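These notes are about the structure you will find just below.
Residue numbers (the numbering used here): 73 to 486.
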C-alpha cells in the first residue's frame, strides 16, 4: 500500500580512521597503504525495526550522534544498510540535507525544476505547480537569484515548499521546524497535517519532546544507534525525560554548600536544586509591565521573567526553560527556548535572559516558577531550581485559554 514504511533489523556500519590517514596518493604509497586501513569499525545504527502506516507520523528523538540522521538516510535510500532491509511504497519527499538536492549556481526557480523532476514530477506538472510552490515559499522577490545568495532559512523554505508539492506518499523530515519564523513554521505544520490526512506517512527527527508528543502517532528513541524505546509518544517521551532526570541526578554534586539567590531564596542541592552546575541559575525576577518586581500576577496579563546565570565553562547552545507548578508540584505550564525555536549562542561567564509571556489563566492560588538550564540535547540539566520562586496567580476576570498565546525570549547579555 502506498505510504507504508517498513524497516527490519536495520544496521549501518562506518569506519574509523586514525589522524594520520594520508592526504595524497604518494603518502599512501610510502606508507605501504597501511594508513589507508580503518582503525576501527562502528555501528551507527543496528537492530532498528519500525513500521509506519499511511497517515501515521513517527517522531525520532535522541542525542546528537545517536543515529537519527543515519536512520533517515537509510529510509530515504541515500545510503544502503549493511544489515536488514527497508521497504517503502510510494513517492518519497525528503528534507534531509539542503546541500544534497540543490545547485548553488542555479536560481531558486531553476532549482525547483531540478528538484521536483528528480522527485518524479514531469516538466508539465512542475509548470502547473510552479506558482503555488513559489507562493508557499514566500520567496517571490528572490526566486530568480542564484541559490548561493540564499540564507539557510530561505533554502529551507524552498526545500519544504518543493517537497510538499510533489505529491509525496512518504515524507522524511530532519528538524524542519528549526529554521524559519513562527508564521512560516505554522504554515508548515498545517501542510504536514494535510499530508497526513491524505494518507502520507511521515518521519520527523526532532530534539523537542513536546513537539513529538503533540505531532506524532508513534515515537522512537535512539540511543547510541540502538532503539531505547518505541511506541506510544507519551510513554516513549516520558522514558526519555526520565533518563534525562536520572543523568541529571548522577551529575548533581553529592555535597554542595547551601546558597542564597540574589532575592534571598535558599538553594539546597538534591532538595530544591539539581544539575551538574557547569552553568548556574543565579536568580529569577518576576515583573509586570510598569510595575517592576511583583509577587502576584493576573492570568491573561503580561509577565516578564528575568533569569540571571553564570556559565563556568563555555556552554554550547544551552536550553533555558521555565515551568509554573502548583504547591503540590503539579506542572501547570511550561515553555523553553527549544520549543520556541530560539537558538542561543555559546554562553560563558555571567549573563541574563528574559522571557515575556502571557500569564496562564489558572485558578487563584499560590504557585512556583521553576527555572532551568539544560544541555543542548536535553541529556541533563546544568541547573534546575524546583519550587524556589513563589508567585500568586489570580484568576482572570476574562475567560482565556490556559495555553500560552505569546512568548518572547531575549538574551540580554552574554
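From the three backbone atoms N, C-alpha and C, an ideal C-beta is built for every residue, glycine too. As the structure is a computational prediction, the values presented were derived from the model and not from experiment.
Once DSSP output is grouped into helix, strand and coil, what is the label at residue 78? strand
Is DSSP giving residue 196 helix, strand or coil here? helix
Short of 8 Å in beta carbon distance, which residues of its chain neighbour residue 82, apart from the five on each side in sequence? Order them along the chain. 117, 118, 119, 120, 121, 143, 146, 153, 155, 156, 157, 158
Between residue 337 and residue 367, what straight-line distance do the alpha-carbon atoms span, to the nearest angstrom? 14 Å
Local conformation of residue 126 per DSSP, three classes: Coil.
Could you give the DSSP three-state label for residue 334: helix, strand or coil? coil
On the three-pair Cβ rule with 8 Å, is the segment 338–345 touching the segment 375–389? no
Any idea which residues DSSP pairs residue 293 with across the strands? Under DSSP, residue 293 takes part in a beta bridge, and its partners are 133, 301.
Buried versus exposed, by CB contacts within 10 Å (16 or more), residue 279: buried
Extent of the continuous beta strand (DSSP E) run through residue 23: In the structure as shown, the chain starts at 73 and stops at 486, and residue 23 therefore has no counterpart that could be examined.
As assigned by DSSP and simplified to three states, the class of residue 117: strand
Just mark residue 402 as buried or exposed, buried being the case when its beta carbon has 16 or more other beta carbons within 10 Å. exposed
Do residue 282 and residue 411 have their CB atoms nearer than 8 Å? yes
What span of residues does the beta strand (DSSP E) with residue 341 cover, start to end? Counting along the chain, residue 341 falls outside any beta strand (DSSP E), and DSSP gives it neither H nor E.
Cα-Cα separation, residue 177 to residue 160: 33 Å
Between residue 448 and the rest of its own chain, which residues show a CB-CB distance below 7 Å, the 5 nearest in sequence each way excluded? 388, 389, 390, 391
Buried/exposed call for residue 246, threshold 16 Cβ in 10 Å: buried
Within the same chain, show all residues whose beta-carbon is closer than 7 Å to that of residue 330, passing over the 5 residues directly before and after it, in chain order. 338, 339, 340
Measure from the alpha carbon of residue 365 to the alpha carbon of each residue in 211, 327, 335, then state which is nearest. For the set 211, 327, 335, the Cα lying nearest the Cα of residue 365 is the one of 335.
First and last residue of the alpha helix (DSSP H) that includes residue 285? 281–287
Determine which residues share a DSSP beta bridge with residue 236 and list them. Note: residue 236 sits in no beta bridge, so no partner.
According to DSSP, is residue 107 part of a helix, a strand, or is it coil? Because the pLDDT of residue 107 is 48, which lies under 50, any placement of that residue in the model is unreliable, and the number read from its coordinates should be weighed accordingly. Reduced to three states, the DSSP call for residue 107 is helix.
If you draw a straight line from the C-alpha of residue 214 to the C-alpha of residue 232, how long is it? The C-alpha of residue 214 lies about 16 Å from the C-alpha of residue 232.
Residue 182 to residue 324 span [Cα, whole Å]: 54 Å
Could you give the first and the last residue of the continuous alpha helix (DSSP H) run that contains residue 466? Counting along the chain, residue 466 falls outside any alpha helix (DSSP H), though it belongs to the beta strand (DSSP E) covering 453–466.
Strictly by DSSP, which residues pair up with residue 85? Under DSSP, residue 85 takes part in a beta bridge, and its partners are 115.
8 Å CB neighbourhood of residue 197 in its chain, flanking five on each side removed: Annotation for residue 197: 188 place their beta carbon closer than 8 Å to its own, counting only its chain and skipping 5 residues before and after.
Just to confirm, are residue 235 and residue 165 a CB contact at a threshold of 8 Å? yes
I'd like the ranges of any beta strand (DSSP E) spanning at least 3 consecutive residues and lying wholly in the segment 139–169. 155–161, 164–167
Residue 308 versus residue 290: straight-line alpha-carbon distance, rounded: When rounded, the distance between both Cα atoms is 9 Å.
Can you list, in chain order, the residues of its chain whose CB lies under 8 Å from that of residue 175, leaving out five sequence neighbours each side? 182, 183, 186, 219
When the distance is taken between beta carbons, is residue 299 closer than 8 Å to residue 356? no
From what residue to what residue does the beta strand (DSSP E) around residue 366 run? No beta strand (DSSP E) contains residue 366, which DSSP labels as neither H nor E.
Neighbour-count burial assignment, residue 114, 16 or more Cβ in a 10 Å radius: exposed
Going by beta carbon distance, what residues of the same chain come within less than 6 Å of residue 85, once the five residues before and after it are set aside? 113, 115, 154
For residue 352, which option in 326, 462, 244, 457 has the closest C-alpha, if you only look at C-alpha atoms? For the set 326, 462, 244, 457, the Cα lying nearest the Cα of residue 352 is the one of 457.
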